[in-house]
Amino acid sequence: MQQLFYFIRKFRYFLLFLLLEIIALTLTIQNHSYQQSKFINSANFISGGIYNKVSSITDFFNLKSENKRLSEENNHLKNWIEKNKQITVNKIVTSIDSNNYSQKYQYISTKIINNNYSKRNNFLSLNKGTKQNLKIDLGVVNSKGIIGVIKNISANYATVLSILNSNSKINVRLKKSFHFGTLVWNGKNYNVVQITDIPRQAVIKVGDTIITGGKSAIFPEGIKVGVVKNFKFENNQYKEINVSLFNDMSALSYVQVIINYQKNEQKKIEQNNFDE
Amino acid sequence: MNNVVFKNMVRFILLVLFQVLVFNHINFFGHINPLIYITWVVLFPIKKNKNLLLLSSFFLGILIDAFSDSGGIYTAAILFIAYYRLPILEMVLRKTDFDYVLFNIRNIPINKLLLYITILTLLDTFIVFLLDYFSLSDIGIIISNTILTSIFTILLSFFGILLFTKKNK
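Written out as structure tokens, the structure reads:
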């Protein structure tokens, strides 16, 4: 026993180092798995508050591009309304069945207060949290395309697992042919992401548009992602399909969070399939 | 004595804020962000009792990790260089005992100071990128990132130390 105490006293500096290093490495490994929510994250009131203050100053720098994007989106939506008017005028609506009018998705507007895109595993911060109805595992988009999925949340702030993260895997498909794949990122260029698991029957050409697949309960189908930049076809299989994003991930400001009201229903029925 | 404590507290807060608010968003050449928080380990007073350095480095790392949502990569790296700081300094200066009271990092020759900062920075950045990429198949990109980031970190922290610290005569 005495020798044990002697040992501890002699090596206490090393043991302290070992203890702290093990804590740090545990946190790191936890960060690399998608399932576990993290113990230490920036969705707390101190870092959230500081980021919020700083972003209220730096916001002015991308006001111009943000205005342009908004105007383009308005234009797009107005044109879409005009097109639909033409269709509904010719239809006679007789009965209203409330089942047909339930809302599946709701968009909540928030702002990105901390943007990262240069690391291997990038996270963003939002200035809304549980008080504004946000939850974990909700999709984040803007008018140009997808951005990520909410990972950690506090009362007023949330962190987003960016699509520029090694843990991000998002179901996407070709706009023209319903072949599905998975969107991943290899960490090299923040404007270019990759698609894996696409079946070899799919016909891919450079310039094809990629949209979200809608198989997961997070993103609705048809949200824009990017266009195919280049790809390799070796041994009858697609390799390294590079997709250049529509979004400029280095300049993000106002974004929308998508709430899916039928998520639990979908999850439940999918779970039933697994159980059988 | 109190003056030293106060100075180090201010330095701690300033290093965290500058790292997370300014230097994490520089994105030089698209992706290079200098890790200036290393100067904490370089400048921390050399004492017989080394536990304080380990504990303070741990909290500095945890704070930076919390702000940048990176798990524990900065903590692991800064702890490692904090633990091996004294052996490295002994190696650089080629002596084994220090005058713990009067030792000032600015009084050592400038080329040795640069070597000391370089070794600490290279070790720290290598661990950061290794833990961030977390796969040996990316070893090429890990090494190139380590070297590029280290160059800017060394330049910034070296001139920062020359500018903001005083020699004692």
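Chains as they are written, first to last, in my numbering: chain G, 1153 to 1428; chain B, 8 to 176.
Glycine included, every Cβ here is placed at the ideal spot set by N, Cα and C.
Should residue i be labelled buried (16 or more other beta-carbon atoms within 10 Å of its own) or exposed?
{"i": "G/Lys-1303", "result": "buried"}
{"i": "G/Met-1153", "result": "exposed"}
{"i": "B/Gly-78", "result": "buried"}
{"i": "G/Asn-1294", "result": "buried"}
{"i": "G/Phe-1426", "result": "exposed"}
{"i": "G/Asn-1424", "result": "exposed"}
{"i": "B/Asn-9", "result": "exposed"}
{"i": "B/Asn-118", "result": "exposed"}
{"i": "B/Tyr-90", "result": "buried"}
{"i": "B/Asn-12", "result": "According to the sequence displayed, residue 12 of chain B carries Val and not Asn. Its Cβ having fewer than 16 others within 10 Å, B/Val-12 is exposed."}
{"i": "G/Gly-1281", "result": "buried"}
{"i": "G/Gly-1378", "result": "buried"}
{"i": "B/Ile-82", "result": "The residue you asked about is not Ile; residue 82 of chain B is Thr in the sequence shown. Buried is the call here."}
{"i": "B/Arg-92", "result": "buried"}
{"i": "B/Tyr-107", "result": "exposed"}
{"i": "G/Lys-1328", "result": "exposed"}
{"i": "G/Asn-1279", "result": "buried"}
{"i": "G/Leu-1397", "result": "buried"}
{"i": "B/Asp-145", "result": "buried"}
How is residue i classed by DSSP in three states: helix, strand or coil?
{"i": "B/Lys-174", "result": "coil"}
{"i": "G/Lys-1381", "result": "strand"}
{"i": "G/Ala-1369", "result": "coil"}
{"i": "B/Phe-66", "result": "helix"}
{"i": "G/Leu-1335", "result": "strand"}
{"i": "B/Gly-79", "result": "coil"}
{"i": "G/Ala-1310", "result": "strand"}
{"i": "G/Arg-1325", "result": "strand"}
{"i": "G/Leu-1397", "result": "strand"}
{"i": "B/Thr-125", "result": "helix"}
{"i": "B/Gly-147", "result": "helix"}
{"i": "G/Lys-1340", "result": "coil"}
{"i": "G/Lys-1391", "result": "strand"}
{"i": "G/Ile-1198", "result": "helix"}
{"i": "G/Gly-1300", "result": "strand"}
{"i": "G/Ser-1295", "result": "coil"}
{"i": "G/Leu-1286", "result": "coil"}
{"i": "G/Leu-1278", "result": "strand"}
{"i": "B/Thr-153", "result": "helix"}
{"i": "G/Lys-1376", "result": "strand"}
{"i": "B/Tyr-1", "result": "Shown here, chain B extends from 8 to 176; a query on residue 1 of chain B therefore has no answer."}
{"i": "B/Tyr-44", "result": "helix"}
{"i": "G/Lys-1271", "result": "coil"}
If you draw a straight line from the alpha carbon of residue i to that of residue j, how long is it in whole angstroms?
{"i": "B/Asn-152", "j": "B/Ile-158", "result": "10 Å"}
{"i": "B/Phe-19", "j": "B/Asn-34", "result": "23 Å"}
{"i": "G/Ile-1298", "j": "G/Ile-1410", "result": "11 Å"}
{"i": "G/Val-1395", "j": "G/Lys-1220", "result": "24 Å"}
{"i": "B/Leu-130", "j": "G/Asn-1273", "result": "21 Å"}
{"i": "G/Asn-1338", "j": "B/Leu-143", "result": "14 Å"}
{"i": "B/Lys-57", "j": "G/Tyr-1165", "result": "7 Å"}
{"i": "G/Asn-1310", "j": "G/Ser-1207", "result": "According to the sequence provided, residue 1310 of chain G is Ala. The question's Asn does not apply to it. When rounded, the distance between both Cα atoms is 15 Å."}
{"i": "B/Leu-163", "j": "B/Arg-113", "result": "16 Å"}
{"i": "G/Asn-1285", "j": "G/Ala-1195", "result": "15 Å"}
{"i": "G/Thr-1348", "j": "G/Lys-1205", "result": "39 Å"}
{"i": "G/Val-1324", "j": "B/Ala-73", "result": "31 Å"}
{"i": "B/Thr-46", "j": "B/Ile-154", "result": "18 Å"}
{"i": "B/Tyr-140", "j": "B/Ile-149", "result": "7 Å"}
{"i": "G/Lys-1391", "j": "G/Pro-1351", "result": "11 Å"}
{"i": "G/Ala-1176", "j": "B/Leu-60", "result": "16 Å"}
{"i": "G/Tyr-1267", "j": "G/Arg-1161", "result": "For clarity, residue 1267 of chain G is Asn in the given sequence; the question names Tyr instead. Each residue's Cα considered, the two are about 46 Å apart."}
{"i": "B/Thr-132", "j": "G/Lys-1340", "result": "18 Å"}
{"i": "B/Phe-36", "j": "G/Gln-1238", "result": "50 Å"}
List the whole-angstrom C-beta distance separating residue i from residue j, where the pair is believed to meet the contact cut-off of C-beta under 8 Å.
{"i": "G/Leu-1313", "j": "G/Ile-1322", "result": "Contact flag wrong, Cβ pair sits at about 10 Å."}
{"i": "G/Ser-1402", "j": "G/Asp-1211", "result": "About 15 Å; that fails the 8 Å criterion."}
{"i": "B/Thr-156", "j": "B/Pro-41", "result": "7 Å"}
{"i": "G/Asn-1382", "j": "G/Val-1355", "result": "In fact, because the Cβ distance is near 15 Å, the residues do not count as touching under 8 Å."}
{"i": "G/Thr-1180", "j": "B/Leu-138", "result": "5 Å"}
{"i": "G/Tyr-1257", "j": "G/Asn-1412", "result": "6 Å"}
{"i": "B/Tyr-44", "j": "B/Leu-28", "result": "The pair is not a contact, with the Cβ atoms about 12 Å apart (cut-off 8 Å)."}
{"i": "G/Gly-1200", "j": "G/Ser-1277", "result": "6 Å"}
{"i": "G/Ser-1261", "j": "G/Gln-1414", "result": "No, G/Ser-1261 and G/Gln-1414 are not in contact; Cβ-Cβ is about 21 Å, not under 8 Å."}
{"i": "B/Leu-86", "j": "B/Phe-65", "result": "6 Å"}
{"i": "B/Asp-76", "j": "G/Phe-1275", "result": "4 Å"}
{"i": "G/Leu-1229", "j": "G/Tyr-1269", "result": "The Cβ separation is near 28 Å, so there is no contact."}
message: Along the region 1173-1187 of chain G, where does the CB come closer than 9 Å to a CB of chain B? Name the residues.
response: Of all residues in the region 1173-1187 of chain G, Glu-1173, Ile-1175, Ala-1176, Leu-1177, Thr-1178, Leu-1179, Thr-1180, Ile-1181, Gln-1182, Asn-1183, His-1184 have a Cβ within less than 9 Å of some Cβ in chain B.
query: Going along the chain, which residues of the region 60-84 of chain B sit with their C-beta nearer than 9 Å to a C-beta in chain G?
result: Answer set for the region 60-84 of chain B: Leu-61, Leu-62, Ser-64, Phe-65, Gly-68, Ile-69, Leu-70, Asp-72, Ala-73, Phe-74, Ser-75, Asp-76, Ser-77, Gly-78, Gly-79, Ile-80, Tyr-81, Thr-82, Ala-83, Ala-84.
- prompt: Quick one, which residues of the region 43-62 of chain B are near chain G if we go by CB-CB under 8 Å, in chain order?
  reply: Result list: Lys-57, Asn-58, Leu-61, Leu-62.
- prompt: Given a limit of 7 Å on CB to CB distance, which residues of the region 1270-1295 of chain G reach chain B?
  reply: Residues Ser-1270, Lys-1271, Arg-1272, Asn-1273, Phe-1275.
task: With 9 Å as the C-beta to C-beta threshold (strictly closer), list the residues of the region 109-143 of chain B near chain G in chain order.
output: Of all residues in the region 109-143 of chain B, only Phe-136, Leu-138, Asp-139, Tyr-140, Phe-141, Ser-142 place a beta-carbon less than 9 Å from a beta-carbon of chain G.
field: Against chain B: residues of the region 1214-1233 of chain G by CB proximity under 8 Å
entry: Of all residues in the region 1214-1233 of chain G, none comes within less than 8 Å of chain B when Cβ atoms are compared.
- prompt: For the region 1297-1311 of chain G, which residues have a beta carbon sitting closer than 7 Å to at least one beta carbon of chain B?
  reply: Residues Thr-1311.
message: Tell me which residues of the region 1381-1413 of chain G have at least one Cβ-Cβ distance to chain B shorter than 9 Å, keeping chain order.
response: Hits within the stretch, in order: Ser-1402.
message: Under 9 Å, CB to CB, which of the residues in the region 1339-1373 of chain G have a partner in chain B?
response: Listed by position, the residues of the region 1339-1373 of chain G near chain B (Cβ gap below 9 Å) are Gly-1339, Lys-1340, Asn-1341, Tyr-1342.
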